[in-house]
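Below is one structure, written out as structure tokens; comments come after it.
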Amino acid sequence: MMAKELFPEAQEIRKGRIRIETQKDKVGEIIKKLKDNGYEHFVMLSCVDWIKEGKFELVYQMWSYQYKEHVMISIKINRDGESMLSMRHLFPQIETYEREIHEMFGVNFIGNPNLKEFILEGWPHMPPMRKDFDTEKFVKDFYYKIPEVKEE
Amino acid sequence: MVNYIDLTIQILVAMGVTALGFAIGMLFNGIARKITARIHNRVGPPIYQGYIDVLKLFTKKTNISHGWIFDFAALFSVAGIALTFLFLPVAGVTLLSGEGDIFLILYLLAIPALGFALGAGASGNPNAAVGIMRALMTMLAYELPLVMVIIAMMVYYDTTSLAVIVQKQANMQWAIFIPVFFIGALVADMALQGMLMEKPFDIPIAPHEIASGPMVEFGGKHLGALMLYKMMGIVVETTLFVDLFLGGGVVLSVSQFGWLAYLVNFIVWFLLILFVFFIALLINAVFPRFRIEQALKFYWKYDAIVGILILIWIFVGVTI
Amino acid sequence: MNHENWSKLARIMSKRSLWMIHFCTGCGAMEMPPVMTSRYDMERFGMHAMATPRQADVFLVTGYLAVKTLKRVVQVYEQMRDPKYVIGFGSCTINGGMYWDSYNTIKDLSKYIPVDVYIAGCMPRPEAIMDSFLKLFDMIDKGEAIGWQKYHKYYDQYKRNQRMAFSYRLDEVKDIKEDDKE
Amino acid sequence: MTIQKEFELFIGPNHPGATGNMSYHIWVEGDKVKKAETRVGYLHRGFEKLMEKRIWMQNVPLVCRICVPEPDVNEAAYSMAVEDLMGWEIPERAKYIRTIILEMARIGAHLLTVGGIAASLGIYTAAQWGVGDRDYLLDVFEEITGARVYHIYIWPGGVRWDLPKNAKELITKVLDYLESRLPLYDDLIMNNKVFVRRAADVGVVPKDKAVEWGVTGPNLRAAGYEYDIRKLEPYAAYDKIDFEVPYYPKLGEYEVLSEGSDIYTRTAIRMLEIQQSIKIIRQALKDMPEGDVILKHPQWFAWKVPAGYAYTHVESSKGEFGYFVVSDGGKKPVRVHVRGPSYTHGINVLETIAPGLNIADFAPTAISLDVCPPDIER
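Protein chains in written order, with this note's numbering: chain U, 30 to 181; chain E, 14 to 333; chain Y, 1435 to 1616; chain Z, 54 to 431.
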């Protein structure tokens, strides 16, 4: 069954692109249902930082080879320390996406044991993909300030 | 009483021959790279690149060492291979030879490889350990068919001396013209491929798997010594093959033509080892490498069985 | 042979047989295969890629370096045997290039390891790479490629900069600044 | 000398067997890999952060740097996402030019990968030839776009400029040359008995799990699925072009020598795709209409892209390259998230199939999955 038949709240934003806005406790159920109904390819898990609203938007994206349809399941969580349930039991690659989002945005995923360092090494500052991390200022304060090697 | 003048001359000749072996080995390195480059559609380095590389490696500074075994091992390998070269008949000339020297040569051939293994083991790098395990395994694998063929030749020529085998093949009566030994030469050529560490048997040094294996920690002077060993190894191993199957390059008899014979024989020997090496290079260029167990299977299943059949054939033929 | 002649010979030899470490640090590594293969063929100069740092003479830092890579680059550089040369490849090693405001790439390679030759461009064409090799040969010939000696001489400064970069911490940079003023 | 039975090996970052600047940490027992862990992050430049700092048009030169062997797919996917949000329909001629450029890039990337697989098993000749032949393609790219590697040719709204007048002859010449070379590759690689022995039934991705694990592209087709985004959701001019999608067990001229989903099949699929790409380019050159190649934009650097979400994906030589773009109606994107195909191939899939592999087969498996680190960490 196609996503629109499964979930009446789904809206078609463009041809072949479905968007479902939902709450965080329903995500697991929706992904499971979609997986069982032909949406067998998990494309990616994205995180969008809506700093003005104070929310992170997590977008679970799935694709059906059968219906040629892309579904974005979108939830919003609070920016300050709200955690999310891990969905790694549904698709194995979600584990890696969660690991990256944990590192880059600081979202905690309950039930994912593998949230260790992924890309950065020994990063002491706030997660860099957050909107309030100013990369230009950091570069100017850090890399440009490292002194050159003086030759006598 | 010891004749000091003769002894000195002998030592000088031995040193000269060793130096010549190294020089030819380094030249072969350049030739090999040039030929490989041509197969790759490239121009390739100059033919004297081997000399430059070795000299450069000896001018490098040594930052660290992995202990005296590591330092000693490279020398051990070079000395071992040089000694082996002295025992081989080169263009019919044998410097250090006696009865039963095939066994001695086979034994000596293992020494430099062991030195190599010792050094690599001392370096403590896991890649080197894997490489050495593979190197010793391949050695074990290719020696079986090679020894089969060599024993067949010993039975056929009724001698255990390589020099005698070379002598008996004089006047172009090369072993390779005998049908059964033609097959034997094919078997031995496959073993040679393993000895030269060329594909499909370059398992010990596979760069994509174990980052050049045993040599992973060698650099500078140590690597220079190892390269000398490997380059000389090419000469020694191809010479062994030429001695066994291609009459050692002897085309003119010394008693008849004197010094001219030495010169011509030497040139023929050089061309023959180059030819044998060339074939190895061509095989090297177009084959992927085996996995270690596939190599063992190849040597023990196909190569060794053909070797045994040759041995039986010769044994039956000689006794009947 | 006296020392002068010996080092001259060493220079001539090392010029004609520079072995490159096979380490693709950034996207510039994409132009290395053409340089190694039939079109440009750097083996004409006796150069070829080696698998391990111990055997290599020249280090092509191909492109931007993330801090995580810089750690490995420094390790590899220190494992290489003297004399060794570094070629900074592409704009990213000079001033950060496209990634001038990226939080994870170092901007100026010469602050962390000595660089002998820089190649400008993103990415440099193979001809430019070949040209840099010729330039390096020239410098070795004249005895100007002394980056490795500089590394020994100013070891503490290089180490300090490396330590600072590895830490990612702003306060460490500030501390050093104040030390310098005193 | 002590030879331990169990030890750890680091394949990379400085290792010929590593696919680019990444590292595999493998635990080995005897000759068998017990556990593998992919370590990435050596190439992290924070593209997604930088894109939020730059205006829409400035991002075009950035995105192509995400995948070095085949940069054009990034430009195409990003441009398509922007066009999607803007509601633009690009000129017909631009679609054909995009098809030609993307297929040329695919041939180049496949030549590199096939050469890489062969080299990892020891046929360096194939790698040398592959890179050498790819260079002729780069020449054509240079003629068309002005650059060898990063072309920045596909822009939102079309392509940067029209093909040069002699483009047809140039491209046809290179295609003829490549076609004459392909039989040599077949002899060297695909018909090589030792290669088949090394590659058949090695590094198998379980077929029933392939879709669930997020395997895409040639790797998925090697596992027996006829899934290709060019067919499923045609972009550029693929809907008007007649081409086949090779998949296991339809291997065309190559024998089916294994159960599929192994190194051999993945190589065969790539070789067949090169042939298909040549066919596509020839057809596109023939059918290409005249006309504009780019939309008349109002203001290049003052675009305000309507708010919304867009996801576009293209079929790259490695698999599905997807761009998730979020706009709030401003001059700069709020978020651009790139789905690289290697993200799943290199981390989950490789880590799961590695246990039980021989050490000798680890690097060929990784390379045949076409793991390219820059699109993992961006």
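C-beta: ideal position from N, C-alpha, C; glycine also.
Taking C-beta atoms as the reference points, E/Glu230 and Z/Ile412 fail to come closer than 8 Å.
Distance from the CA atom of Y/Ile1580 to the CA atom of Y/Ile1540, rounded to whole angstroms, is 23 Å. At least 8 Å separates the beta-carbon of Z/Pro209 from that of Z/Val126. Boundaries cannot be given for U/Gly83, as no beta strand (DSSP E) includes it and DSSP labels it neither H nor E.
Within 10 angstroms of the beta-carbon of U/Val88 lie 16 or more other beta-carbons, which makes it buried. Taken in chain order, the members of the region 42-64 of chain E whose beta-carbon sits within less than 8 Å of a beta-carbon on chain Y are Arg46, Ala50, His53, Asn54, Arg55, Val56, Gly57, Pro58, Pro59, Gln62. Rounded to whole angstroms, E/Val289 and E/Ala198 show a C-alpha spacing of 11 Å. Contacts with chain Y at 8 Å (Cβ-Cβ) do not include E/Gly80. Sequence-distant partners of Z/Trp266 (beyond 5 residues in either direction) whose C-beta falls short of 8 Å from its own C-beta, in its chain, are Val258, Thr397, Asn401, Val402, Thr405.
Using a Cβ-Cβ cut-off of 8 Å, Z/Arg201 counts as an interface residue toward chain Y, since at least one Cβ of chain Y sits closer than that to its own.
According to DSSP, Z/Asn411 shares a beta bridge with Z/Lys85. Remark: C-beta atoms of U/Pro153 and Y/Tyr1602 approach each other more closely than 8 Å. The beta carbons of Z/Ser330 and Z/Ile207 sit no closer together than 8 Å. About 10 Å separates the beta carbon of U/Asn141 from that of U/Ser112, a gap too long to meet the 8 Å contact definition.
Secondary structure of E/Phe279 (DSSP, three-state): helix. Under the Cβ distance rule, U/Tyr94 counts among the residues neighbouring chain Z, one pair being separated by less than 8 Å. The C-beta of Z/Arg250 comes closer than 8 Å to at least one C-beta of chain E. By the neighbour-count criterion, in which 16 or more other beta carbons inside 10 Å mark a residue as buried, E/Ile18 falls on the exposed side. Nearest CB-CB separation between Y/Met1557 and chain Z: below the 8 Å threshold. Taking 8 Å as the cut-off, the Cβ atoms of E/Pro301 and Z/Ala171 count as close.
At least 8 Å separates the CB of Z/Ile406 from every CB of chain U.
Under the DSSP assignment, Y/Met1454 falls in the beta strand (DSSP E) whose first and last residues are 1453-1455. Interface criterion met: the Cβ of E/His221 is under 8 Å from a Cβ in chain Z.
Of the candidates E/Arg51, E/Ile189, E/Asp171, E/Gly261, E/Gly261 places its Cα closest to the Cα of E/Ile280. Within chain U, Ile148, Leu149 have C-beta atoms less than 8 Å from the C-beta of Z/His97, given in sequence order.
Residue environment: U/Trp92 is assigned as buried (16 or more neighbouring CB atoms within 10 Å of its CB, all protein chains considered). In the structure shown, Y/Gln1591 adopts helical secondary structure according to DSSP, grouped into three states. Residues Leu273, Ala276 of the same chain have their beta carbon placed closer than 6 Å to that of Z/Ala263, with the five preceding and five following residues left out of the count. Chain order gives the chain Y residues near E/Phe231 as Arg1488, Gln1489, where near means a beta carbon separation below 8 Å. Bounds of any beta strand (DSSP E) do not take in Z/Leu310, whose DSSP letter is neither H nor E.
Not flagged as an interface residue toward chain Y: E/Lys243, since no C-beta distance is shorter than 8 Å.
Listed along the chain, the chain E residues whose CB falls inside 7 Å of the CB of Y/Arg1450 are Ile65.
Listed along the chain, the chain Z residues whose CB falls inside 7 Å of the CB of E/Lys314 amount to none; the nearest CB is some 13 Å away. Counting of Cβ neighbours within 10 angstroms places Z/Glu373 among the buried residues, the total reaching 16 or more. When Z/Arg92, Z/Gly168, Z/Pro359 are compared, the shortest CA-CA separation from Z/Met139 is found for Z/Pro359. Counting along the chain, the unbroken alpha helix (DSSP H) around Y/Asp1575 starts and ends at 1560-1576.
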